[in-house]
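Read the structure below first, then the notes.
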């Protein structure tokens, strides 16, 4: 399966600021996915990122709050904008690689103070 | 819409004992089903997946799961639990293309 490098692994940010999370894959993949895991909860899909087109957002998530870039087939970024304490979560990227392998990055643990 | 229910929030087993984690799903067609494990402070690791074919699926770390269409279940099993298996386990159903719906997770504690 694909190997994903996600960074930063953790950060503590001031409210009102923005953080950009990077996800690098060691092989070309068509789709990349961004998930959020709020404290003590399960994963929720934020958006699907395809190369060369705008990301597709799930209900409850908007581009202004979570802008996503997908400049090529191995890289994507998720920005958490104008952060508030409610954005404190683990953010994970995921890819669907060859042979129906689904791989997750190690996650970014974000704390907003 | 697809959904996943993991009825057990927390399970405690003794080391060496057998384990079964329950997962029930709701989906209109033949689902893609997954089990992931998340150790504290870590990302998710795929244990096993079911797409089609043999309903008993073997995964990594000695885990297996059985797809039962009649019961809409995909329970995870391990015959002998190790202390290192203590983690949170997530069942997920996918519509394909990587978009998965996750259950709320089951936290496994292993007693020495």
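Residue numbers (the numbering used here), protein chains in the order written: chain A, 1 to 113; chain B, 114 to 225. We put the CB at the ideal spot given by N, CA and C, even for glycine. Note that the structure is a prediction, hence the values are computed from the model and not measured.
In chain order, 203, 215, 216, 217, 218 make up the part of chain B whose C-beta sits under 8 Å from the C-beta of residue 42 of chain A. Counting of Cβ neighbours within 10 angstroms places residue 169 of chain B among the exposed residues, the total staying below 16.
A Cβ-Cβ distance of about 6 Å is found for the pair residue 94 of chain A and residue 35 of chain A, placing them in contact under the 8 Å criterion.
Judged by DSSP in its simplified three-state form, residue 11 of chain A adopts strand.
Using a Cβ-Cβ distance cut-off of 8 Å, the segment 49-69 of chain A and the segment 1-13 of chain A are not in contact, since fewer than three pairs of beta carbons, one from each stretch, lie closer than that value. Per DSSP, residue 136 of chain B lies in no beta strand (DSSP E) segment and is marked neither H nor E. In the DSSP assignment, residue 187 of chain B falls within the beta strand (DSSP E) that extends over 186-191. Residue 147 of chain B places its beta carbon less than 9 Å from that of residue 160 of chain B.
When C-alpha distances from residue 154 of chain B are compared across A:103, A:96, A:113, A:92, the shortest belongs to A:92. Within 7 Å of the CB of residue 74 of chain A, no CB atom of chain B is found; the nearest one sits about 16 Å away.
Nearest Cα to residue 129 of chain B within the set B:193, B:138, B:218: B:193. DSSP places residue 86 of chain A within a helical segment (H, G or I) once states are collapsed to three. Setting aside the 5 residues that flank it on each side, residue 216 of chain B is surrounded in the same chain by 117, 118, 119, 136, 203, 204, 205, each with a C-beta closer than 8 Å to its C-beta; the list follows chain order. Listed in chain order, the non-local C-beta contacts of residue 75 of chain A below 6 Å within the same chain comprise 24, local neighbours out to five positions each way being set aside. In the three-state DSSP reduction, residue 173 of chain B falls in the helix class (H, G or I).
Within 10 angstroms of the beta-carbon of residue 53 of chain A lie fewer than 16 other beta-carbons, which makes it exposed. Neighbours of residue 104 of chain A in chain B, taken as residues whose beta carbon is under 7 Å from its own, are 156, 157 in chain order.
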